[in-house]
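Quick note on numbering: the sequence shown equals residues 190 to 462 in the numbering used here.
C-beta: ideal position from N, C-alpha, C; glycine also.
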Amino acid sequence: MTDPLLIQYLDWLHDCRRRPRTIEGRRAVLTRMDSELPYGLPLATTDELKAWIYRDEFCRNTLATYYGAARAFFVWATNPADPHLDFDPSALLPQVTHARGLPRPVTDDQLTHVLTHAAEPYRTWSLLAAYGGLRCCEIADLHREHVTAEELTIVDGKGGKPGVVPTHELVWQAVADLPPGPIAWTDKGTPASATYVSLTYALYLRRQLHMPGVGLHRLRHWYGTTVYQQTRDIRRTQELLRHSSLTSTQVYTLVTDEERQAAIQALPNLTGA
190 MTDPLLIQYL
200 DWLHDCRRRP
210 RTIEGRRAVL
220 TRMDSELPYG
230 LPLATTDELK
240 AWIYRDEFCR
250 NTLATYYGAA
260 RAFFVWATNP
270 ADPHLDFDPS
280 ALLPQVTHAR
290 GLPRPVTDDQ
300 LTHVLTHAAE
310 PYRTWSLLAA
320 YGGLRCCEIA
330 DLHREHVTAE
340 ELTIVDGKGG
350 KPGVVPTHEL
360 VWQAVADLPP
370 GPIAWTDKGT
380 PASATYVSLT
390 YALYLRRQLH
400 MPGVGLHRLR
410 HWYGTTVYQQ
420 TRDIRRTQEL
430 LRHSSLTSTQ
440 VYTLVTDEER
450 QAAIQALPNL
460 TGA
């Protein structure tokens, strides 16, 4: 049973107009912490939080997610203007930030294999990621009405930001004849969630195409990397990836070994020899 204070916090997030995906993410993390901590989350000590969060099996980004969720909850719960608790055990936790990722685009050969062998709806999802730059959550939210031959509209992108990108002809060919409504459906005939799109896609590629470790976001990496390699325009790449910061875009702009080698060999010889 969910602690009443957690319910109040989640209701507060809703009142603050936080996005449903954000609220559900916090709900999942905090209810798990509440059920596994010795006396629940609101009564947790700093040592109990530390033992639960900073486990060796968690990668840095998982640690950052759990740390951030706990920290945000206790900051809200101990707000002097409306305190629910009189002590914030998270204040003494070591801060963990998300690690900057490395570009992991699929290769051209891998993408060709997917597009020539994948069944529907996986082929269409692949095209939306590789030729539209869509994230799993954006594929899940995409409706047929959001796509024309000229542009693809992302109504609710990452961070709640809408966006528009030009429609590639391959994307248009894939969606033009689809009926109105969501483009992504579950095998039970209900609209797919972002988690469903992400997990079922990766599972399909691993089991059916024998491509373990390839998910939709690596196709988005291919999109960003290829756009940059063809244009050498970081600002255009940023706009097409719909990033607020160039720092985020740099993750997707893979510099190949050949390009690094060429840059070194192009240095002028000033030795006089």
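Item                                                                                                                            : Value
Cβ-based burial, I328 [other Cβ within 10 Å; buried from 16]                                                                    : buried
Close beta carbons around H203, own chain, < 8 Å, minus the five adjacent residues each side                                    : I212
Contacts around G349, its chain only, beta-carbon distance under 6 Å, and the 5 residues preceding and following it disregarded : R208
Cβ contact check for the stretch 265 to 277 and the stretch 368 to 383: 3 or more pairs under 8 Å                               : no
Proximity winner among A217, Q427, D245, L230, relative to P193 (alpha-carbon distances)                                        : L230
Best match in P310, V444, L281, T254 for proximity to A217 [C-alpha to C-alpha]                                                 : T254
Counterpart residues of V336 in DSSP-defined beta bridges                                                                       : L341
Cα-Cα separation, Y412 to I343                                                                                                  : 16 Å
Buried or exposed (CB count within 10 angstroms, at least 16 for buried), G461                                                  : exposed
Buried/exposed call for S315, threshold 16 Cβ in 10 Å                                                                           : buried
Collapsed DSSP secondary structure at G402 in the structure displayed                                                           : coil
CB-CB length for W241 against M222, believed under 8 Å                                                                          : 6 Å
Secondary structure of V479, DSSP reduced to three states                                                                       : Since the first residue shown for the chain is 190 and the last is 462, residue 479 is missing from the structure and cannot be characterised.
Where the alpha helix (DSSP H) containing C325 begins and where it ends                                                         : 325 to 330
When T313, R312, H432 are compared against K347, the one with the closest alpha-carbon                                          : H432
Proximity to V295 [Cα-Cα], best of V354, Q454, M400                                                                             : M400
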